[in-house]
Amino acid sequence: MNFLKLIYLFIFGISSGLVVAGGVFSTLIALGLVPRFAGRSRTAHKVMLYEDFIIMGCILGILISVWPFGEWILRLREMLSAPFLKTMNAIGEVLLGTGGFFAGCFVGCMALAIAEMLDGIPIFARRISFRKGLGCAIFAVAIAKLLGSLFYFIKMM
Amino acid sequence: MRVIYLKAEQDIESDKKTLQVSDLCKITGQDKKLCARVGKIQILDLTGMTQKRTAVSMMKIIERIQMHYPDVEIVSLGENDILVEIISPKHKKERFTLGKIIFVCCICFFGTAFSIMAFHNDIEILNLSKMVYESVGLVRNGQVGILEIGYSLGLAGGIILFYNHIGKRKLTSDPTPIEVEMRIYENEVNAALLEDAKRLREEQDVE
């Protein structure tokens with residue numbers, strides 16, 4: 000009986016994983032972020048590589064948010080002696096900084112891509128017959144995002 | 000009446016400063032000698048031009064050809080406007096390519112990790128899986144269970160199916176969704192550049 004339950008859970012898990020993967024990643028595709036990155040950096044021939052990194056990033060995300068990855072790291076830390084711990088902390092800081100920066104890049108582009116997909120900017124520009132200074136507007140959005148996110152973190156911490 | 004057929008691509012890259020018909024489009028027709036001669040007609044002279052891009056109208060090409068061969072009928076089967084991008088042979092090898100590739104890889108990696116975690120946080124996946132465990136009368140004891148194993152396998156399998164490749168090996172001969180999206184993006188960029196050139200009257204066209 001218990002065995003049947005396990006099989007049920009396994010099938011449940013696999014099916015939901017497949018559907019979630021389809022949903023989440025078709026959204027990412029629809030936003031067209033990767034083609035944009037590849038177009039900007041003129042590296043369209045490396046698109047397959049970028050897809051590989053998306054897959055690996057997804058696996059990291061699963062490890063952290065579904066699997067008790069943090070607990071594994073904590074257990075690993077308990078086994079380490081003090082000097083190792085220090086270097087590990089330093090590596091952790093660096094990883095957090097770079098990882099945070101790149102994740103921020105991605106989320107920032109995603110937010111603007113969503114606005115663009117909904118034609119927010121062109122519609123606004125047309126309504127107020129906005130001809131010049133689109134660059135300024137985008138820059139203002141970027142600065143506002145920076146300030147807003149800092150404000151949020153400072154307020155919430 | 001002799002007929003020649005021209006087919007132009009939407010965008011071409013060239014490292015030459017003077018472009019002739021055969022650089023801009025493909026030519027065919029019954030009279031092969033005529034085609035070869037038409038191909039040699041010079042259309043653009045970009046020496047001394049600072050811009051890296053220019054647009055040429057098919058009309059301009061037809062006009063030039065008819066200047067030389069008034070009795071030839073020209074049929075254009077391709078694009079009506081051609082985007083010409085001048086790449087200087089010196090700079091053909093892009094700088095910092097490796098750095099750019101690493102940068103984009105990092106964005107894809109951390110960004111995706113962040114978004115999938117944000118999604119899991121959004122749906123409170125730990126609560127959810129507790130509910131699923133309870134639905135079969137089991138208790139989630141904080142350890143990784145069969146549901147998580149299945150979910151992770153499904154998620155990874157789903158993306159691999161979706162993106163249609165593992166590493167360099169494709170599962171089917173179809174292009175991957177990002178490759179398709181890449182082509183769409185390129186077409187949209189070309190269309191926007193052409194539109195801009197037309198509005199600013201920078202296109203090489205007949206008067």
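So the sequences go chain by chain: S and L. In terms of numbering that gives the first Met the number 0, the first sequence opens at residue 0 and continues consecutively. In terms of numbering that gives the first Met the number 0, the second sequence opens at residue 0 and continues consecutively. Positions of the beta carbon are idealized from the N, C-alpha and C atoms, including for glycine. Being a predicted model, the structure only gives us computed values, none of them experimental.
| query | result |
| --- | --- |
| Rounded C-alpha distance that separates GLU50 of chain S from GLN65 of chain L | 49 Å |
| Proximal residues of chain S, C-beta to C-beta of ILE223 of chain L below 8 Å | Chain L is shown only over 0 to 206; residue 223 of chain L falls outside these bounds and no answer can be derived. |
| Short CB-CB distance (under 9 Å) between MET156 of chain S and chain L | no |
| Residue range of the alpha helix (DSSP H) that includes ASP22 of chain L | 20-23 |
| Contact residues within the stretch 151-164 of chain L, judged by C-beta distance below 8 Å to chain S | SER151, LEU152, GLY153, LEU154, ALA155, GLY156, GLY157, ILE158, ILE159, LEU160, PHE161, TYR162 and HIS164 |
| Coarse secondary structure for VAL74 of chain L, derived from DSSP in three states | strand |
| Spatially closest choice to ILE85 of chain L from L:LYS15, L:ASP204 and L:MET181, by CA coordinates | L:LYS15 |
| Close-in-space but distant-in-sequence residues of the same chain around ARG76 of chain S (CB under 8 Å, 5 per side omitted) | LEU84 and MET87 |
| Proximity of ILE61 of chain L and CYS34 of chain L at Cβ, strictly below 9 Å | no |
| Chain L within 9 Å of PHE24 of chain S, Cβ atoms only | yes |
| Assigned exposure category for GLU211 of chain L - 16 Cβ within 10 Å defines buried | For chain L, the structure presents residues 0 to 206; residue 211 of chain L sits outside this window and is missing. |
| Length at least 4, wholly inside the stretch 72-118 of chain S: the alpha helix (DSSP H) runs in chain order | 81-116 |
| GLY47 of chain L (DSSP reduced to helix, strand or coil) | coil |
| Residue environment, PHE205 of chain S, which counts as buried when at least 16 other CB atoms sit within 10 Å | Lying outside 0 to 156, the shown extent of chain S, residue 205 of chain S is not represented and no answer is given. |
| Beta carbon proximity, ASP118 of chain S to chain L, threshold 9 Å | no |
| Residues that ILE122 of chain S contacts on chain L, provided the C-beta gap is smaller than 7 Å | Here the premise fails: no neighbours, minimum Cβ distance about 17 Å. |
| CB contact check: PHE150 of chain S to chain L, cutoff 9 Å | no |
| Limits of the alpha helix (DSSP H) - the one that ARG198 of chain L falls within | 176-198 |
| Buried or exposed (CB count within 10 angstroms, at least 16 for buried), ALA136 of chain S | exposed |
| Where LEU146 of chain L sits in the DSSP three-state scheme | helix |
| Reduced DSSP secondary structure (H/G/I, E/B, other) of LEU82 of chain L | strand |
| Interfacial residues, the stretch 69-83 of chain S to chain L, with Cβ spacing under 8 Å | none |
| PHE101 of chain S burial status per 10 Å Cβ neighbour count (16 or more: buried) | buried |
| C-beta neighbour in chain S for GLN142 of chain L, strict 9 Å | yes |
| Inter-residue CB distance, GLY199 of chain S and VAL83 of chain L (contact presumed, cutoff 8 Å) | Outside the modelled stretch of chain S, which goes from 0 to 156, sits residue 199 of chain S, for which no answer is possible. |
| N-terminal and C-terminal residue of the beta strand (DSSP E) that GLU12 of chain L is part of | 10-13 |
| Close-in-space but distant-in-sequence residues of the same chain around VAL46 of chain S (CB under 6 Å, 5 per side omitted) | ALA37 |
| ARG170 of chain S - DSSP class collapsed to helix/strand/coil | Look at the range of chain S in this structure, 0 to 156, and you will see that residue 170 of chain S is not part of it. |
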